[in-house]
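Okay, structure first, notes after.
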Amino acid sequence: MLRRIRTDAAGLLIALAVAFPLYWMVLSALKPRAALEAGDPAPFTLTPTLDSFRRVLLVDGFGQYLLNSVAVAAVVVTASTFCAFCAAVALTRYRFRLRTTLLVVVLIAQMVPVEALTIPLFFLMRNMGQAVPQLGLNHLGSLMLVHTAFAVPLAIWMLHGFVAAVPKELEEAAQLDGAGSLTFVTRVLFPLVAPGVVACSIFSFIMTWNDFLFAKTFIISAQENQTLPIALLSFFKPDENDWGGIMAGSVLMTIPVLVFFLFVQRRLASGLGGAVKG
Amino acid sequence: MGIPALPLRRPGGTASGRRRLEPWMYLVPALAVLGAMLVYPLYQLVLVSFFDYRQPQVTGAEPLRFTGLANYRALLSDPQFWEVLLNTVVFAGACVLGTILLGGALAVLATRLSPWVRTALFLAALGAWATPAVTGSAVWLFLFDPTLGPVNQVLAGLGLTEFAGHSWTYTKTSAFVLVASQVLWCSFPFVMITLYAGIRAIPEEVIEAARLDGASTARIARSVMLPMLRPAMTIVTIQSIIWDFKIFTQIYIMTNGGGIAGQNLVLNVYAYQKAFASGQYGLGSAIGVITTLLLLLITLAYLRALRRQGEVL
């Protein structure tokens, strides 16, 4: 009994320590600016205020960056899930040469260090911008394109398990009922794998939302097209950091990810969540 | 898509030809986007690494020159490259080891906790895991801020006055340790949750039987649980190696682009700085190729491990 209490106490202490940075983030976002600038170390505040949030959203244009991030993530989630679902259908409901090879390629593609591709992708986007400005450097289109590609391998890998789990007999039954294969895929298969689609959309979302490197590389001078991570970084100024603002921005950026994480938490242990952190 | 019902029964002919083409129709979107944004850039990366490609060549002021392995030769004879490589290996190694030890220990601890404490621990871990690298780094910089950060204030308040105004990013080791602590915080939850699931999957009877045979707890952990956890261990180890080896964001933000005089550079940040800060795109690409090859080796080890566990493709 005593031992149990001791382990529980240890576990609780560790949980508090792990949660502390997040607690401090929220707390500092709510503390008045004067207290932060005086270096108030109190682990609580009696005068919580939303001033920091108001400051970042209204003065620093954080709302625009938030919208940019949402736009990029929304397009990436839709496009990558569409590509991945189609590919998963091909890789599971058909037997053809190269099928296994393609699956191995997908698995390897998932592990390509995309960070190493910044240089060629930078030039690719520069050239693309000369043809279609919206897809070039300094535009959100460039980020949408690369992140769709980065999200597809993991999405295929996840969805192919879901699609494979739909029994073959269902397809035959649909065909006997007169459904063409496209009708079967859109009307029967897609609704059946909806949970998988949701899970893989969330992973794509998180991957895109968190991206720092490509946002930094591609959006060079177009302030209005920056995404959240870069906007947050631009709050850092030597020796006069507005910590309240930085923490409020961090809170705004963390909340969506946290919510989605709670959604997919059951799937995290299967190892798929692994590919999300970069 | 006009042909209904019939193709199922009709042998040969156009229907089976269509059947052969159909998978490729479904594959077109994914293959197009992967080809354009993953395969082609990979090819370009290798290509550029064989060229003298700097700012004058980018603007077109000077012609492109094929220089073969010159970029690689320049790298391998540059002591800074070797230092960065060593930094990367030691830093990633320490992060992987730390993550697995901490995650493993907490997974074992979690099995002995009361359910509500376990839930609290898992929720906290989930929060750490979900925090984006950028915001995690920002919070860390605030916590360890020389003058306004609570860490220094508490330490100074405890009488350790040398910590008042102490900069955690000034020396190389201290900066690396600071970044590693952030990496540890956000990556141990994956290890903990995966290993916890692994431990839970071990049948109670097996451990009971070992205990009846007189095995000690330590012996059970070593001879019964560890071998049964090997599949989960392989996955978390190799995944951790892959992430920690590729770390960019945390180093870039917390050490302000690689630390004082580049003391905290790791391969990815080094390649980025060579290319985008000093305009040596050829050299940067060569670093990218080396990083990719090193990671490919690790990935192959991962695939072999998966295959040995009988994972079906």
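Chains A and B, in that order, are what the protein sequence lines are.
For what it's worth, the working numbering labels the leading residue of the first sequence as 17, then goes sequentially.
For what it's worth, the working numbering labels the leading residue of the second sequence as 166, then goes sequentially.
Backbone N, C-alpha and C define an ideal beta-carbon position, used for all residues, glycine too.
Taking residue i as the query, report the chain B residues whose CB atoms sit under 8 Å from its CB, ordered along the chain.
i, result
"isoleucine 262(A)", "Ala303, Phe307"
What is the DSSP secondary structure of residue i, reduced to helix, strand or coil?
i, result
"aspartate 409(B)", "helix"
"glutamine 126(A)", "coil"
"arginine 113(A)", "coil"
"phenylalanine 230(A)", "helix"
"phenylalanine 251(A)", "coil"
"phenylalanine 307(B)", "helix"
"phenylalanine 216(B)", "strand"
"phenylalanine 78(A)", "helix"
"phenylalanine 231(B)", "strand"
"tyrosine 335(B)", "coil"
"glutamate 14(A)", "Examination of residue 14(A) is not possible in this model, given that chain A is present from 17 through 294 alone."
"histidine 155(A)", "coil"
"leucine 274(A)", "helix"
"serine 346(B)", "helix"
"glutamine 245(B)", "helix"
"threonine 65(A)", "coil"
"alanine 106(A)", "helix"
"glycine 178(B)", "Annotation note: pLDDT 47 at glycine 178(B) (below 50); position unreliable, no value reported."
"phenylalanine 221(A)", "helix"
"glycine 145(A)", "helix"
"aspartate 56(A)", "coil"
"alanine 132(A)", "helix"
"proline 368(B)", "coil"
"alanine 167(A)", "helix"
"proline 48(A)", "coil"
"glycine 423(B)", "coil"
"valine 209(A)", "coil"
"alanine 380(B)", "coil"
"glutamine 359(A)", "Past the boundaries of the shown model lies residue 359(A); chain A is included only from 17 to 294, so the question cannot be answered."
"threonine 97(A)", "helix"
Can you give the Cα-Cα distance for residue i and residue j, rounded to whole angstroms?
i, j, result
"glycine 269(B)", "proline 57(A)", "33 Å"
"alanine 95(A)", "tyrosine 39(A)", "35 Å"
"aspartate 193(A)", "leucine 175(A)", "26 Å"
"leucine 468(B)", "arginine 395(B)", "15 Å"
"glutamate 370(B)", "valine 182(A)", "34 Å"
"glycine 314(B)", "arginine 238(B)", "45 Å"
"alanine 87(A)", "threonine 224(A)", "11 Å"
"leucine 186(B)", "methionine 393(B)", "44 Å"
"alanine 366(B)", "arginine 387(B)", "17 Å"
"tryptophan 350(B)", "leucine 461(B)", "26 Å"
"leucine 320(B)", "threonine 420(B)", "22 Å"
"tyrosine 81(A)", "valine 304(B)", "20 Å"
"leucine 163(A)", "threonine 334(B)", "The question names leucine, yet the displayed sequence has histidine at residue 163(A). Taking the straight line from one Cα to the other gives about 32 Å."
"asparagine 317(B)", "aspartate 243(B)", "38 Å"
"phenylalanine 328(B)", "leucine 306(B)", "15 Å"
"arginine 115(A)", "glutamine 150(A)", "35 Å"
"tyrosine 191(B)", "cysteine 99(A)", "8 Å"
"serine 214(B)", "glycine 225(B)", "18 Å"
"alanine 195(B)", "tyrosine 437(B)", "28 Å"
Among the options, which one has its Cα closest to the Cα of residue i?
i, options, result
"glutamate 256(A)", "Thr312(B), Ala451(B), Ala289(B)", "Thr312(B)"
"isoleucine 172(A)", "Ala106(A), Leu28(A), Val201(A)", "Ala106(A)"
"glutamine 347(B)", "Gln209(B), Thr359(B), Ile452(B), Phe256(B)", "Phe256(B)"
"isoleucine 425(B)", "Phe246(B), Thr336(B), Glu227(B), Val254(B)", "Thr336(B)"
"leucine 448(B)", "Val356(B), Leu192(B), Gln220(B)", "Gln220(B)"
"glutamine 239(A)", "Gly261(A), Met263(A), Asn154(A), Ala51(A)", "Asn154(A)"
"glycine 200(B)", "Leu161(A), Ala264(A), Ile246(A), Val273(A)", "Leu161(A)"
"threonine 480(B)", "Gly423(B), Ala293(B), Val356(B)", "Outside the shown range of chain B, which is 166 to 478, sits residue 480(B), and nothing can be said about it."
"proline 169(A)", "Ala197(B), Arg283(B), Gly322(B), Ser352(B)", "Ala197(B)"
"methionine 202(B)", "Val75(A), Thr117(A), Pro136(A), Ala45(A)", "Pro136(A)"
"isoleucine 235(A)", "Phe36(A), Met141(A), Phe279(A)", "Met141(A)"
"leucine 262(B)", "Ser214(B), Arg184(B), Thr296(B), Phe353(B)", "Phe353(B)"
"leucine 159(A)", "Thr243(A), Thr61(A), Gly79(A)", "Thr243(A)"
"phenylalanine 178(A)", "Leu52(A), Cys216(A), Leu46(A), Ser68(A)", "Cys216(A)"
Going along chain A, which residues have a C-beta under 7 Å from residue i?
i, result
"glycine 225(B)", "By Cβ distance, chain A contributes nothing, its closest Cβ being about 12 Å from glycine 225(B), past 7 Å."
"isoleucine 418(B)", "Leu249"
For residue i, which residues in chain A fall below 8 Å Cβ to Cβ?
i, result
"glycine 271(B)", "With the sequence shown as reference, residue 271(B) is identified as leucine, and glycine is not the correct amino acid for it. The answer, in chain order, is Ile30."
"arginine 185(B)", "Phe112"
List, in chain order, every chain B residue whose beta-carbon is nearer than 9 Å to that of residue i.
i, result
"tryptophan 40(A)", "Val304, Phe307, Leu308, Pro315"
"glycine 27(A)", "Leu271, Leu274, Ala275, Arg277, Leu278, Ser279, Val282, Arg283, Ala285, Leu286"
For residue i, return the contacting residues in chain A, with the cut-off set at a CB-CB distance below 9 Å.
i, result
"serine 450(B)", "Ala132, Ile135, Pro136"
Interface residues of chain B around residue i at Cβ under 7 Å?
i, result
"tryptophan 173(A)", "Chain B residues near tryptophan 173(A): none, gap ~10 Å exceeds 7 Å."
"asparagine 154(A)", "Ordered by position in chain B, no residue passes the 7 Å Cβ test against asparagine 154(A), which lies about 15 Å from the chain."
* Asked: Unbroken alpha helix (DSSP H) runs of length 4 or more, entirely within the region 175–200 of chain A: which are they?
  -> 184–192
* **Runs of alpha helix (DSSP H) wholly within the region 427–465 of chain B (minimum 4 residues, chain order)** => When DSSP assignments are scanned along the region 427–465 of chain B, the uninterrupted stretches of alpha helix (DSSP H) that are 4 or more residues long and fall wholly within it turn out to be 432–437.
* Kindly provide the ranges of any alpha helix (DSSP H) runs that are 4 or more residues long and lie completely inside the region 257–330 of chain B, ordered along the chain. => 280–295, 298–308, 315–322
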